[in-house]
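Written out below as structure tokens is the structure these notes cover.
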Amino acid sequence: MTQKEKIHEEIERTLQSLDGTKRAEANPFLFTRIKARMNRKANAWEGVFSFISKPAIAIAILLIVMAVNGWALWSSGAGDEIAGSDSGNASELANEYNTVASVNNYDYENMTSE
Amino acid sequence: MTNETELIEQLKQGDQTAFKTIVEQWQDMVYNTILGIVQNETEAEDLAQDVFIKVFEKIDSFKGDSKFSTWLYRIATTTALDHLRSKKRKKRFGFLKSMSGGDGDNKDQVADFHHPGVSLDNKERAAVLFKAIEALPENQKLAYTLHKLEGLSYRDVSEVLNTTVSAVESLMSRANQNLRKQLEEYYNKHYR
Numbered sequence: 008m009t010q011k012e013k014i015h016e017e018i019e020r021t022l023q024s025l026d027g028t029k030r031a032e033a034n035p036f037l038f039t040r041i042k043a044r045m046n047r048k049a050n051a052w053e054g055v056f057s058f059i060s061k062p063a064i065a066i067a068i069l070l071i072v073m074a075v076n077g078w079a080l081w082s083s084g085a086g087d088e089i090a091g092s093d094s095g096n097a098s099e100l101a102n103e104y105n106t107v108a109s110v111n112n113y114d115y116e117n118m119t120s121e
Numbered sequence: 149m150t151n152e153t154e155l156i157e158q159l160k161q162g163d164q165t166a167f168k169t170i171v172e173q174w175q176d177m178v179y180n181t182i183l184g185i186v187q188n189e190t191e192a193e194d195l196a197q198d199v200f201i202k203v204f205e206k207i208d209s210f211k212g213d214s215k216f217s218t219w220l221y222r223i224a225t226t227t228a229l230d231h232l233r234s235k236k237r238k239k240r241f242g243f244l245k246s247m248s249g250g251d252g253d254n255k256d257q258v259a260d261f262h263h264p265g266v267s268l269d270n271k272e273r274a275a276v277l278f279k280a281i282e283a284l285p286e287n288q289k290l291a292y293t294l295h296k297l298e299g300l301s302y303r304d305v306s307e308v309l310n311t312t313v314s315a316v317e318s319l320m321s322r323a324n325q326n327l328r329k330q331l332e333e334y335y336n337k338h339y340r
């Protein structure tokens, strides 16, 4: 038997090596472990909720939210001013640009007519 | 079947006894399926726990359009594949791996997974085969594992993979071709 034939036979045997394989058995305490994990998960959420619901923490969160809101209001007011000046600048720029453009356009027409 | 339907209904009500019965009834099936895909006993046990927690949390989404076992196989295979993908991502970006030159060619690594259900005289060959299975594309790997390790018919595999029987036949044929090719390379290097 040549080496090639031996390898071919080995491949066939390998491909058949899973035939008749028995099902692997799970850990008999799987359910207990699942329950423990589910309880840990529930406890973690309980911990988060009980922490948030402490009066000091709740008031601190409320103050932070109010501060953020106040800052947002203040910055939007300041933003309006900036936006106003921006739009002013923009219109000035547009006017200037239009003028230039029209001049260019006019010049161009003049050039072609010449 | 009626018993199964009752159990599912009870589980939908949050019945812990029904949940325990479901876990005990299907734990080997779930564990064996995941083990065949991830090829690591510790990871397979953790993932089997994940699967049953998902079953408990998502049982309301089971409408009975498919068999419960099919639904369970789908959760198990998806969980196992997600795990492999995240492991692959971690490996790809692993600093130490890149420093040592990456994980290299899969085929040259030692075949080290031994499935507990394989007979002793097939142990070494099965380990080589598992190494080759590891390198198969996802769908071929699923079809091959479900058919060979779980003993599912092509029809059952097609239900789990949500495809046709002929598609499963094609997957199995390509899986066998790929495995032959890989084994040929392996034995050309290692056969004594």
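Protein chains in written order, with this note's numbering: chain A, 8 to 121; chain B, 149 to 340.
No residue lacks a Cβ here, since even glycine has one placed at the ideal position from N, Cα and C.
As the structure is a prediction and not an experimental result, all values here were calculated from the model.
Mind reading off the beta-carbon distance from residue 331 of chain B to residue 21 of chain A? Whole number of angstroms is fine, and I expect it under 8 Å. 6 Å
Would you tell me roughly how many angstroms separate the C-alpha atoms of residue 259 of chain B and residue 52 of chain A, rounded to the nearest one? 42 Å
From residue 287 of chain B to residue 77 of chain A, what distance separates their C-alpha atoms? 55 Å
Which whole-angstrom value is the C-beta distance of residue 298 of chain B and residue 181 of chain B, which I expect to be below 8 Å? 6 Å
Measuring alpha carbon to alpha carbon, tell me which residue in B/226, B/156, B/169, B/301 is nearest residue 192 of chain B. B/226
Shorter than 8 Å from the beta carbon of residue 260 of chain B to some beta carbon of chain A? no
Are the CB atoms of residue 45 of chain A and residue 185 of chain B within a distance shorter than 8 Å? no
Three or more beta-carbon pairs under 8 Å between the region 264-280 of chain B and the region 156-171 of chain B, yes or no? no
Pair within 8 Å by beta-carbon distance, residue 199 of chain B and residue 224 of chain B: yes
Please confirm if residue 289 of chain B has its CB atom under 8 Å from at least one CB of chain A. no
Compute the Euclidean distance between the alpha carbons of residue 291 of chain B and residue 272 of chain B, then round it to the nearest angstrom. 23 Å
Name the residue from B/189, B/211, B/217, B/195 whose alpha carbon lies nearest to the alpha carbon of residue 157 of chain B. B/211
Coil, strand or helix - residue 60 of chain A by DSSP: coil
Which residue's Cα is closest to the Cα of residue 195 of chain B: B/176, B/213, B/294, B/241? B/176
Supposed contact pair residue 312 of chain B and residue 306 of chain B - C-beta distance, whole angstroms, cut 8 Å: 6 Å
Selection of the region 167-179 of chain B by Cβ proximity to chain A, strictly under 9 Å: 167, 168, 171, 172, 175, 176, 177, 178, 179
Near residue 216 of chain B, what residues of its chain come up, given a Cβ to Cβ distance below 8 Å and the 5 sequence neighbours on each side ignored? 152, 156, 210
For residue 298 of chain B, which of helix, strand or coil comes out of DSSP? coil
Would residue 336 of chain B and residue 41 of chain A qualify as a contact pair, given that the criterion is a beta-carbon distance under 8 Å? no
Residue span of the alpha helix (DSSP H) that contains residue 21 of chain A, given as start and end: 10-22
Which residues mark the beginning and the end of the alpha helix (DSSP H) in which residue 165 of chain B is found? 164-186
Buried or exposed for residue 289 of chain B, please, with buried defined as at least 16 other CB atoms from any protein chain shown within 10 angstroms of its CB. buried
Would you call residue 161 of chain B buried or exposed, if buried means 16 or more other Cβ atoms sit within 10 Å of its Cβ? exposed
Whether residue 327 of chain B touches residue 280 of chain B by CB criterion (8 Å): yes
What does the alpha-carbon distance come out to for the pair residue 350 of chain B and residue 294 of chain B? With chain B running from 149 to 340 in the structure shown, residue 350 of chain B is simply not present.
In terms of residues, what are the limits of the alpha helix (DSSP H) holding residue 314 of chain B? 313-338
Any beta carbon of chain A sitting closer than 8 Å to that of residue 276 of chain B? yes
Report the three-state DSSP secondary structure of residue 288 of chain B (helix, strand or coil). helix
How would you call residue 304 of chain B, buried or exposed, if buried means at least 16 neighbouring beta carbons within 10 angstroms? buried
Span of the alpha helix (DSSP H), counted from its first residue to its last, around residue 224 of chain B: 216-241
So that I know if they touch, is there some Cβ in chain A lying closer than 8 Å to that of residue 197 of chain B? yes
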